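K.L.:
If you read the sequence shown in my numbering, its first letter stands for residue 67, the second for the next number, and so on.
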Amino acid sequence: MEHAVVTGGAGFLGSHLVDSLLEDRYRVTVLDNYGSGRPENLSHVESSQLTVQKHDVRDTFPEFDDVDIVYHMASRASPDDFASHAVEIAMTNSLGTKHALECAREHNACALIASTSEVYGNPEEHPQSETYNGNVNIRGPRAPYDESKRFSEALAVAYGQRYSMDIRTVRIFNTYGPRMDPHDGRVIPNFLSQAIRGDDLTIYGDGSQTRSFCYVTDLIKGIRGFADASTSVASGEVINIGNTHEITIEQLAETILDNVDTDSDMTYQPLPEDDPEIRKPDITKAKQMLSWRPKVSLVEGLKNTIDEFDPDQ
Ligand code: NAD
Ligand code: UDP
Numbered sequence: 067m068e069h070a071v072v073t074g075g076a077g078f079l080g081s082h083l084v085d086s087l088l089e090d091r092y093r094v095t096v097l098d099n100y101g102s103g104r105p106e107n108l109s110h111v112e113s114s115q116l117t118v119q120k121h122d123v124r125d126t127f128p129e130f131d132d133v134d135i136v137y138h139m140a141s142r143a144s145p146d147d148f149a150s151h152a153v154e155i156a157m158t159n160s161l162g163t164k165h166a167l168e169c170a171r172e173h174n175a176c177a178l179i180a181s182t183s184e185v186y187g188n189p190e191e192h193p194q195s196e197t198y199n200g201n202v203n204i205r206g207p208r209a210p211y212d213e214s215k216r217f218s219e220a221l222a223v224a225y226g227q228r229y230s231m232d233i234r235t236v237r238i239f240n241t242y243g244p245r246m247d248p249h250d251g252r253v254i255p256n257f258l259s260q261a262i263r264g265d266d267l268t269i270y271g272d273g274s275q276t277r278s279f280c281y282v283t284d285l286i287k288g289i290r291g292f293a294d295a296s297t298s299v300a301s302g303e304v305i306n307i308g309n310t311h312e313i314t315i316e317q318l319a320e321t322i323l324d325n326v327d328t329d330s331d332m333t334y335q336p337l338p339e340d341d342p343e344i345r346k347p348d349i350t351k352a353k354q355m356l357s358w359r360p361k362v363s364l365v366e367g368l369k370n371t372i373d374e375f376d377p378d379q
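#1: When you get a sec, list the residues whose CB is within less than 7 Å of any heavy atom of the ligand UDP, chain order please.
#2: Out of curiosity, what's the CA-to-CA distance linking D131 and S109?
#3: Mind checking who S278 pairs with in its DSSP beta bridge?
#4: Considering only the beta carbon of each residue, do V153 and R237 sit closer than 9 Å?
#5: Cα separation between D272 and K164?
#6: State the DSSP-derived secondary structure class of Q379, mapped to helix, strand or coil.
#7: Is the closest heavy atom of the ligand NAD to the C-beta of T283 under 8 Å?
#8: Helix, strand or coil: which one does DSSP assign to K120?
#9: If I'm right that D134 touches A70 with Cβ under 8 Å, what's the distance once you round it to whole angstroms?
#10: For T268, which of I307, N306, M332 and T276 has the nearest alpha-carbon?
#11: Is D250 helix, strand or coil by DSSP?
#12: Considering only residues of the segment 141-193, which uninterrupted alpha helix (DSSP H) runs meet the minimum length of 4 residues and lie entirely inside it, listed in chain order?
#13: Between P207, Q317 and M231, which lies nearest to G151 when the distance is taken from Cα to Cα?
#14: Can you find a heavy atom of the ligand NAD that lies under 8 Å from the Cβ of H249?
#15: How is V111 classed by DSSP in three states: helix, strand or coil?
#16: Using only CA atoms, which one of P360, E343 and S363 lies nearest to P189?
#17: Using the three-state DSSP reduction, which class does I204 fall into: helix, strand or coil?
#18: Along the chain, which unbroken stretches of the beta strand (DSSP E) at least 3 residues long are found entirely within the segment 326-352?
#19: Using a threshold of 9 Å, state whether the C-beta atoms of S278 and T310 are closer than that.
#20: Going by DSSP in three states, V96 sits in which element: helix, strand or coil?
#21: Identify the residues that DSSP records as bridge partners of I289: which are they?
#22: Check whether the segment 242-260 touches the segment 166-182, taking contact to mean three or more Cβ pairs, one atom from each stretch, closer than 8 Å.
#23: Would you kindly check if the distance between the Cβ of K287 and the Cβ of S113 is under 9 Å?
#24: How many whole angstroms separate the CB atoms of R216 and L161, which I take to be in contact at a CB cut-off of 8 Å?
#25: Looking only at C-alpha atoms, which of E213, E68 and S214 sits nearest to Y27?
#26: Using alpha carbons as the reference points, say which of R234, Q194, P210 and R359 lies closest to F148.
#27: Relative to the C-alpha of R234, which residue among A166, T276 and G251 is closest?
#28: Restricting to Cα atoms, I'd like to know which of Q379, A352, G302 and L88 is closest to C176.
#29: Thinking C-beta only, is V202 closer than 9 Å to E213?
#30: Can G288 be considered in contact with the ligand NAD, in the sense that its beta carbon sits closer than 8 Å to one or more heavy atoms?
Here is the structure:
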């Protein structure tokens with residue numbers, strides 16, 4: 067039985083990844099400090115193949131007998147946390163990535179590093195393909211996250227070359243679904259909480275900025291497909307995974323108001339500094355390499371999310 071170590075496995079994406087690995091008969095060890103994750107995200111798991119260890123990846127990993135793959139998913143990811151947890155985030159994506167890579171190196175294992183569309187910053191190329199080097203404000207409020215993810219990628223490339231390791235990097239674009247933290251400040255949990263409570267939806271800026279939202283099951287299938295692809299195809303590669311249906315934040319708010327029984331309206335608040343104006347992945351590479359494409363529409367994904375969403379959780 068193969069052994070996967072999942073950092074950040076008690077978080078939103080990490081916990082869905084754990085489900086998928088257990089379904090495919092992996093033995094799974096989660097390392098999580100519960101900074102933004104919750105034990106409840108894994109409380110539904112009954113499998114004896116899951117071990118959860120409270121561990122901060124800024125510290126050297128615990129000893130393991132054997133490891134086949136390390137999924138490095140740990141990192142706070144909400145822009146609301148970028149200022150309040152700046153140093154923690156920067157170190158999780160630098161020292162934490164080093165520890166994840168060292169663990170993979172020690173066990174001759176594959177490593178899959180979670181990067182982000184934020185490496186493209188406020189993009190001047192649209193849609194963003196993997197060859198685009200981005201436009202990040204290195205001293206701005208998003209820099210501790212954006213730049214540490216960029217460093218994380220650079221370190222992954224360096225380890226791959228220096229130690230001949232099989233390291234793969236996935237650039238994740240905005241993803242949503244059940245188990246998102248309702249309080250973490252990202253746009254879909256905010257809008258859903260507000261709509262369910264009957265509060266007005268807080269649109270930052272004029273709502274003309276765009277994003278493309280990927281449902282979590284699509285994202286996890288993409289990540290797993292990438293991790294399971296043959297070494298000759300995927301080793302050393304970076305890939306965008308996300309949905310290509312680009313909408314404005316105002317359109318997102320309208321869609322949520324259409325799908326929740328609510329009297330809420332919209333209210334406008336200042337746009338945070340360096341908030342990217344546009345974002346949409348070019349997923350040509352994922353389609354060609356993995357025969358992967360997102361399948362769940364925004365309305366279908368939102369309905370699934372709303373069914374399980376509890377703003378008071
Ligand atoms: P999340 O906050 O739900 O999950 C992150 C998990 O990492 C949490 O369980 C948290 O407790 C844990 N963690 C944070 N710092 C840690 C540390 N120092 N040591 C151990 N554990 C730590 O966020 P998420 O949305 O599930 O994001 C997971 C990964 O995907 C992150 O690396 C994030 O940057 C990346 N990502 C997510 C999105 C998205 O839309 N959800 C987009 C781009 C990239
Ligand atoms: N946003 C918003 N209202 C909110 C939360 C976010 O209008 O209550 C906007 C935010 O300014 C950004 C977009 O929604 O333009 C997506 O924000 P999120 O924090 O989800 O992720 P980002 O893509 O910015 O990392």
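Ideal placement from N, C-alpha and C gives every residue a C-beta, glycine not left out. Predicted model only: the values in this text are computed from it and were never measured.
P.N.:
Quick answer:
#1: Taking a cut-off of 7 Å from the heavy atoms of the ligand UDP, the residues with a C-beta inside it are S144, P145, E184, N240, G251, R252, V253, I254, N256, F257, T268, I269, Y270, G271, G273, Q275, R277, I315, L337, P338, D341, P342 and R345.
#2: Residue mapping note: residue 131 aligns to position 65 of the sequence shown, counting from 1. Residue mapping note: residue 109 aligns to position 43 of the sequence shown, counting from 1. Distance between the alpha carbons of D131 and S109: 25 Å.
#3: Residue 278 sits at position 212 when you count from the first residue of the sequence shown. In the DSSP output, where bridge partners are listed per residue, S278 has E312.
#4: Working through the sequence shown from its first residue, we reach residue 153 at position 87. Working through the sequence shown from its first residue, we reach residue 237 at position 171. Their beta carbons are not under 9 Å apart, which means V153 does not touch R237 by this criterion.
#5: For the purposes of this step, residue 272 is identified with residue 206 of the sequence shown, where counting begins at 1. For the purposes of this step, residue 164 is identified with residue 98 of the sequence shown, where counting begins at 1. Going from the Cα of D272 to the Cα of K164 covers about 40 Å.
#6: On the sequence shown, position 313 is the one that residue 379 refers to. Here Q379 sits in coil by DSSP.
#7: As a working mapping, residue 283 is identified with position 217 in the sequence shown. For T283, the CB stays at least 8 Å from every heavy atom of the ligand NAD.
#8: The sequence position of residue 120 within the sequence shown is 54, counting from 1. In this structure, K120 counts as strand in the three-state DSSP scheme.
#9: Within the sequence shown, residue 134 is the residue found at index 68, counting from 1. Within the sequence shown, residue 70 is the residue found at index 4, counting from 1. Going by Cβ atoms, the distance from D134 to A70 rounds to 7 Å, so yes, they are a contact pair.
#10: As a position in the sequence shown, residue 268 is number 202, starting the count at 1. Ranking I307, N306, M332 and T276 by Cα distance to T268 puts M332 first.
#11: Here residue 250 refers to the residue found at position 184 of the sequence shown. If DSSP states are grouped into helix, strand and coil, D250 belongs with coil.
#12: The alpha helix (DSSP H) runs of length 4 or more contained entirely in the segment 141-193 are, from start to end of the chain, 147-150, 152-158 and 161-172.
#13: Locating residue 151 in the sequence shown gives position 85, where the first residue counts as 1. For the sequence presented, residue 151 should be read as His rather than Gly. Minimum Cα distance to H151 is reached at P207.
#14: Counting from one through the sequence shown, the residue named residue 249 turns up at place 183. For H249, the Cβ stays outside the 8 Å cut-off from all heavy atoms of the ligand NAD.
#15: For the purposes of this step, residue 111 is taken as residue 45 along the sequence shown, with counting starting at 1. It is coil, neither helix nor strand.
#16: The residue given as residue 189 occupies position 123 in the sequence shown. The shortest C-alpha separation from P189 is found at E343.
#17: Along the sequence shown, one-based indexing puts residue 204 at 138. Here I204 sits in coil by DSSP.
#18: DSSP runs (the beta strand (DSSP E)) wholly in the segment 326-352: 332-335.
#19: In the sequence shown, residue 278 corresponds to position 212, counting from 1. In the sequence shown, residue 310 corresponds to position 244, counting from 1. Yes, these two residues count as a Cβ contact at 9 Å.
#20: The residue you call residue 96 lines up with position 30 of the sequence shown. Taken through DSSP and simplified to helix, strand or coil, V96 comes out as strand.
#21: Within the sequence shown, numbered from 1, the residue matching residue 289 stands at position 223. I289 has no beta-bridge partner at all, per DSSP.
#22: Touching, no.
#23: Numbered from 1 along the sequence shown, position 47 holds the residue referred to as residue 113. Numbered from 1 along the sequence shown, position 221 holds the residue referred to as residue 287. No, Cβ-Cβ distance for S113 and K287 is not below 9 Å.
#24: Counting from 1 along the sequence shown, the entry for residue 216 is found at position 150. Counting from 1 along the sequence shown, the entry for residue 161 is found at position 95. In this structure R216 does not touch L161 by the C-beta definition: roughly 15 Å separates them, more than the 8 Å allowed.
#25: Because the chain spans 67 through 379 in this model, residue 27 falls outside it and cannot be assessed.
#26: Within the sequence shown, numbered from 1, the residue matching residue 148 stands at position 82. Looking at the Cα atoms, P210 is the closest of the given residues.
#27: As a first step, residue 234 must be located in the sequence shown, where it is residue number 168. Among A166, T276 and G251, the Cα nearest to that of R234 is on A166.
#28: In the sequence shown, the residue the question calls residue 176 occupies position 110. When Q379, A352, G302 and L88 are compared, the shortest CA-CA separation from C176 is found for G302.
#29: For this step, residue 213 is matched to residue 147 along the sequence shown. For this step, residue 202 is matched to residue 136 along the sequence shown. Contact: yes.
#30: Position 222 of the sequence shown, counted from the first residue, corresponds to residue 288. Answer for G288: no, Cβ out of range of the ligand NAD.
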